[in-house]
């Protein structure tokens with residue numbers, strides 16, 4: 180069963196981590212907010228699967244890229260688990276961003292060679 | 041984050057998911073949906089919370105731990121399916137590991153652990169040397185006078201202290217019987233040199249250690265507990281030792297056992313010993329411990345002392361018994377010197393045993409791998425990783441050797457318990473205990489065994505061959521050969537190791553047997569000995585002493601059943617004890633710087649008769665000559681041979697300590713200790729009343745033990761404050777002095793028997809396996825007309841070949857092992873042919889026996905059944 184999960188996450192893994200880290204750059208957020216934010220920003224293009232969001236969040240926490248803390252939400256009288264970017268996570272975001280950029284450019288060069296030349 | 045926080049994390053995660061889900065629900069409700077609808081919508085948007093939870097938790101879990109657990113479960117199931125195999129393998133491992141752990145514990149506690157003294161690396165034991173040609177490596181005790189010179193003049197040692205083991209009689213007190221105790225004389229600075237403090241009370245002071253001081257004594261923890269009920273009020277009380285008063289000034293810690301484990305009290309040397317003994321240069325009787333100054337090497341220290349010795353020697357050239365140089369050994373080495381070699385030999389033997397055990401388990405595993413060939417092949421074909429399969433195999437071995445190790449640890453524990461009970465004479469045996477290092481050692485041995493036997497087994501079934509197995513038809517016999525040959529190699533090794541162990545054990549057993557049958561020169565049956573001594577303080581005059589012994593012997597001889605009785609200061613088998621220098625009056629004086637000495641004993645006239653020491657010429661002492669008129673001496677045969685070559689010694693005179701004694705008789709040679717050649721002995725009459733301590737011997741052909749009580753009664757009637765100790769038959773006395781040898785021989789014999797059994801089991805297993813694999817082949821042979829004897833002979837030869845090769849290899853290796861053991865052997869060569877032949881015969885017999893059953897079974901095969909079997 181876990182093997183399946185890993186495969187499913189595997190497809191999105193690289194980007195999802197980056198997206199979460201990027202989202203947290205605006206400030207602390209809880210899981211629901213992060214999911215909603217990514218969904219809204221991409222105009223619902225990316226359907227956030229909770230099944231991959233929470234494992235990803237916990238993976239990031241395990242690696243020390245984000246820290247988590249229970250805090251009361253400002254608009255609701257309830258506690259949520261807020262995730263925050265750590266300095267290590269910030270560095271990771273920069274690294275992943277540049278990696279992603281290179282990757283995208285490389286893919287673009289293969290896919291649309293003419294456009295590149297003209 | 042650790043796995044033990046899993047529960048907490050699970051709760052935390054559940055809360056997180058719930059709160060986020062509720063938020064989703066609220067948002068749905070805010071969008072204007074009904075409450076029930078909102079809930080379902082939220083759940084739909086969210087997905088299955090349980091699944092999410094599991095997936096998220098998996099992020100944290102220990103992947104490898106889980107797969108390990110899975111492997112473990114799998115192996116457990118596999119092992120449980122073949123309980124016979126598992127039980128044998130575990131038992132074999134338990135024996136090997138148990139023996140090793142036990143012996144390693146002993147070796148570590150006794151040989152490797154530093155002495156419990158302050159900065160023990162700087163402590164050395166010092167000896168005198170350079171007088172005889174062969175004493176350079178020896179361990180000569182130091183004369184009191186030389187010690188004083190060393191102490192005053194040396195620049196290399198921050199302190200030098202002396203010690204001597206003695207025996208004292210502790211008087212009856214507070215309703216307790218008098219008893220004889222092992223004790224030690226210390227110079228006042230011994231404890232300071234060692235860096236040890238009494239547990240209670242104070243150390244000796246320099247003032248205590250002089251002839252004029254009041255007697256002071258330190259008690260051992262054991263004596264304090266046993267005799268004085270651990271009462272601290274004993275401090276500053278007075279006890280009587282050899283009828284002289286001593287004030288108890290302290291109690292030593294329980295672990296303190298210098299100079300040997302039996303020491304129960306300590307008294308100051310210069311207080312107890314007469315001044316002439318403490319200043320003599322030729323009366324070598326003390327052990328000297330030195331503490332090297334920082335930065336001074338052992339050899340520098342020895343050179344320093346040697347110069348002092350040489351100077352002293354040159355200043356007293358008329359005394360031929362002053363040594364010219366010094367020697368030293370680390371204190372630890374001195375203390376464990378005698379048991380070091382046997383322990384290492386035993387440790388090597390257990391290593392052999394463990395290796396044999398591992399080989400056996402590997403052998404069993406190879407056999408099983410062969411049986412599971414198809415299963416493994418299918419798993420490999422379905423994508424089972426090679427590493428994974430090896431890992432599984434190793435896990436199996438680990439499981440086996442871990443259970444074996446656990447069982448072995450119990451065995452080791454029992455063995456050590458037994459050892460500490462039976463061998464408290466072994467120095468430092470009390471420092472044995474289990475600790476972290478030992479646990480690490482055990483785990484190390486377990487892992488090593490698992491790796492060793494597991495890897496052999498794992499590589500026996502490499503991937504290629506596994507895949508080949510799939511192609512094999514059920515009738516094929518091709519794959520069997522290679523695996524069987526691997527097993528034969530293992531067997532050869534096993535047999536070789538077994539041979540080494542057998543030869544070692546054989547040599548030790550034979551030399552022990554030689555030792556016990558060595559002619560002591562006196563009776564060893566029907567004689568009982570008892571140690572007793574009268575204190576100088578209560579028997580100050582020679583007349584009192586002589587009278588005491590006369591009365592004692594008269595009364596003992598009057599006991600019903602006593603055939604003969606005598607008294608001597610030292611009886612054969614009790615050790616070297618004492619020698620005296622002498623000169624022969626009738627001979628020209630010896631050149632300056634040379635002198636003669638021989639063992640000296642005092643005996644009553646009937647001692648020779650009682651001990652069965654033959655009077656070869658002349659007669660025994662005249663019992664009428666007593667005290668000052670007792671001027672006779674009896675010498676031993678080797679004394680006569682050595683000092684009166686080609687002349688009659690009778691009626692010649694020996695001059696000893698300024699007095700002449702006439703030689704009246706020559707008696708047979710005796711050995712002062714078993715295992716040493718007889719040395720010249722001079723016997724002086726007990727009737728002179730000089731000596732106070734010795735051994736009573738009684739000869740009787742019926743019930744030796746029955747005399748212990750009557751003699752004790754006689755002694756206590758004569759002097760109620762006189763302990764009788766060491767009531768031993770001559771046989772027991774000699775048995776005690778060969779305890780080491782019998783112990784070593786018995787242990788090694790046990791190991792050898794075990795390994796022979798293991799080798800036999802291995803041989804039997806391989807032969808049965810080969811026979812089973814060849815069922816078809818044999819069936820065809822028999823069907824085609826092969827005679828049963830032929831089949832049997834072929835099978836037998838097949839099995840005997842590895843045994844024979846192993847035997848040759850083992851015999852060759854034993855040459856080296858025998859050389860290692862040379863020091864432990866008595867009167868036999870390391871290449872004793874009888875032992876080698878016996879071992880070879882025994883091994884071949886066992887091997888033949890192990891092979892014959894499978895071979896016979898194979899020859900009885902019904903060809904029809906054999907062919908139909910597959």
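Chains as they are written, first to last, in our numbering: chain Y, 180 to 297; chain Z, 41 to 910. Glycine included, every Cβ here is placed at the ideal spot set by N, Cα and C.
What do you reckon, are the CB atoms on residue 894 (chain Z) and residue 528 (chain Z) nearer than 7 Å? It is not a contact, given that the beta carbons lie outside the stated cut-off.
May I have the straight-line CA-CA distance separating residue 453 (chain Z) from residue 446 (chain Z), to the nearest angstrom? Distance between the alpha carbons of residue 453 (chain Z) and residue 446 (chain Z) is about 11 Å.
Can you find a CB in chain Z that lies within less than 7 Å of the CB of residue 259 (chain Y)? By this cut-off, residue 259 (chain Y) is an interface position.
Helix, strand or coil, according to DSSP, for residue 244 (chain Z) in the structure here? Here residue 244 (chain Z) sits in coil by DSSP.
Which two residues bound the contiguous alpha helix (DSSP H) that contains residue 261 (chain Y)? Residue range 258-264 is occupied by the beta strand (DSSP E) that includes residue 261 (chain Y), with no alpha helix (DSSP H) assigned at that position.
Can you give me the Cβ contacts of residue 201 (chain Z) inside the same chain, cut-off strictly under 6 Å, excluding the 5 residues immediately before and after it? If you ignore the 5 residues before and after residue 201 (chain Z), its C-beta comes within less than 6 Å of the C-beta of 227, 229, 230, 233 and 329, all in its own chain and listed in chain order.
Here's the rule I'm using: 16 or more other beta-carbon atoms within 10 Å means buried, otherwise exposed. How should residue 601 (chain Z) be labelled? Looking at its Cβ environment, which holds fewer than 16 other Cβ atoms inside 10 Å, residue 601 (chain Z) is exposed.
Please list, in chain order, the chain Y residues whose beta carbon lies closer than 9 Å to that of residue 87 (chain Z). Here the neighbours are 228, 229 and 230.
Can the beta-carbon of residue 295 (chain Z) be found closer than 7 Å to that of residue 156 (chain Z)? With respect to the 7 Å criterion, residue 295 (chain Z) and residue 156 (chain Z) are classified as neighbours on the basis of their beta carbons.
Quick one: measure Cβ to Cβ for residue 592 (chain Z) and residue 864 (chain Z), integer angstroms, because I've assumed they're closer than 8 Å. In this structure residue 592 (chain Z) does not touch residue 864 (chain Z) by the C-beta definition: roughly 41 Å separates them, more than the 8 Å allowed.
To the nearest angstrom, how far is it from the Cα of residue 627 (chain Z) to the Cα of residue 353 (chain Z)? Their backbone Cα atoms lie some 25 Å apart in a straight line.
I need the straight-line Cα distance from residue 488 (chain Z) to residue 482 (chain Z), nearest angstrom please. Residue 488 (chain Z) and residue 482 (chain Z) have their C-alpha atoms some 10 Å from each other.
Would you report the Cα separation of residue 377 (chain Z) and residue 631 (chain Z), rounded to the nearest angstrom? Whole-angstrom Cα-Cα distance: 37 Å.
Taking Cβ positions only, does residue 262 (chain Y) come closer than 7 Å to chain Z? Answer no: the Cβ-Cβ gap between residue 262 (chain Y) and chain Z never drops below 7 Å.
Quick check on the DSSP output: what are the complete beta strand (DSSP E) runs of length 3 or more inside the stretch 721-798 of chain Z, in order along the chain? At a cut-off of 3 residues, the continuous stretches assigned as beta strand (DSSP E) that sit fully inside the stretch 721-798 of chain Z are 721-725, 733-739 and 764-769.
Along chain Z, in chain order, which residues have C-beta atoms closer than 7 Å to that of residue 210 (chain Y)? Neighbours of residue 210 (chain Y) across chain Z, judged by C-beta separation under 7 Å: 56 and 60.
What residues in its chain sit with their C-beta under 6 Å from that of residue 768 (chain Z), if we drop five residues either side in the sequence? In its chain, beyond the 5 residues on either side, 569 have a beta carbon closer than 6 Å to the beta carbon of residue 768 (chain Z).
I need the boundaries of the alpha helix (DSSP H) containing residue 265 (chain Z), first residue and last residue. According to the DSSP assignment, residue 265 (chain Z) belongs to the alpha helix (DSSP H) that extends over 261-268.
If the cut is a Cβ gap below 7 Å, which residues of chain Y does residue 64 (chain Z) touch? The contacting residues are 211.
Check the Cβ-Cβ distances between residue 234 (chain Y) and every residue of chain B, and say whether any is below 7 Å. Reference to chain B is not applicable here, since the protein chains of this structure are Y and Z.
Cβ of residue 197 (chain Z) within 7 Å of Cβ of residue 331 (chain Z)? Yes. Within cutoff.
What I want to know is whether the C-beta of residue 754 (chain Z) ends up closer than 6 Å to one or more non-hydrogen atoms of the ligand HEM. Absence of the ligand HEM from the depicted structure is noted, as is the absence of any ligand whatsoever, leaving it without description.
Have a look at the DSSP bridge pairing and note the partners of residue 636 (chain Z). Checking the DSSP bridge columns, you'll see residue 636 (chain Z) partnered with Z:622.
Using three-state DSSP, classify residue 201 (chain Z) as helix, strand or coil. Assigned with DSSP and collapsed to three states, residue 201 (chain Z) falls in strand.
I want to verify the contact list: residues of chain Y whose CB lies under 7 Å from the CB of residue 91 (chain Z), in sequence order. Within chain Y, the residues whose beta carbon sits less than 7 Å from that of residue 91 (chain Z) are 230, listed in sequence order.
Can residue 29 (chain Z) and residue 807 (chain Z) be called in contact, C-beta distance under 7 Å? What is shown of chain Z runs 41 to 910, which leaves residue 29 (chain Z) out entirely.
Under 7 Å, do residue 258 (chain Z) and residue 392 (chain Z) count as touching if we go by C-beta distance? Going by C-beta atoms, residue 258 (chain Z) is not nearer than 7 Å to residue 392 (chain Z).
Around the C-beta of residue 120 (chain Z), are 16 or more other C-beta atoms found within 10 angstroms, so that it is buried, or is it exposed? Exposed, because fewer than 16 other Cβ atoms sit within 10 Å of the Cβ of residue 120 (chain Z).
Coil, strand or helix - residue 892 (chain Z) by DSSP: When DSSP states are grouped into helix, strand and coil, residue 892 (chain Z) belongs to the helix group.
Straight-line gap, residue 317 (chain Z) to residue 184 (chain Z) (C-alpha atoms, nearest Å): If you take the alpha carbons of residue 317 (chain Z) and residue 184 (chain Z), they lie about 7 Å apart.
Does the distance from the CB of residue 615 (chain Z) to the CB of residue 713 (chain Z) come in under 7 Å? Contact: yes.
Indicate the three-state DSSP secondary structure (helix, strand or coil) for residue 308 (chain Z) in the structure shown. Here residue 308 (chain Z) sits in strand by DSSP.
To the nearest angstrom, how far is it from the Cα of residue 701 (chain Z) to the Cα of residue 604 (chain Z)? Our two residues, residue 701 (chain Z) and residue 604 (chain Z), have alpha carbons roughly 27 Å apart in a direct line.
I think residue 311 (chain Z) touches residue 389 (chain Z), with their Cβ atoms under 8 Å apart; what is that distance to the nearest whole Å? Contact check for residue 311 (chain Z) and residue 389 (chain Z): beta-carbon distance about 48 Å, past the 8 Å limit, so the pair fails to qualify.
By DSSP's criteria, residue 938 (chain Z) is part of a beta bridge. Which residues make up the other side? This structure does not reach residue 938 (chain Z), given that chain Z is present from 41 up to 910, and the question cannot be answered.
Could you tell me the distance, in whole angstroms, from the CA atom of residue 915 (chain Z) to the CA atom of residue 795 (chain Z)? Residue 915 (chain Z) lies beyond the residue range present for chain Z, which begins at 41 and ends at 910; the question has no answer from this structure.
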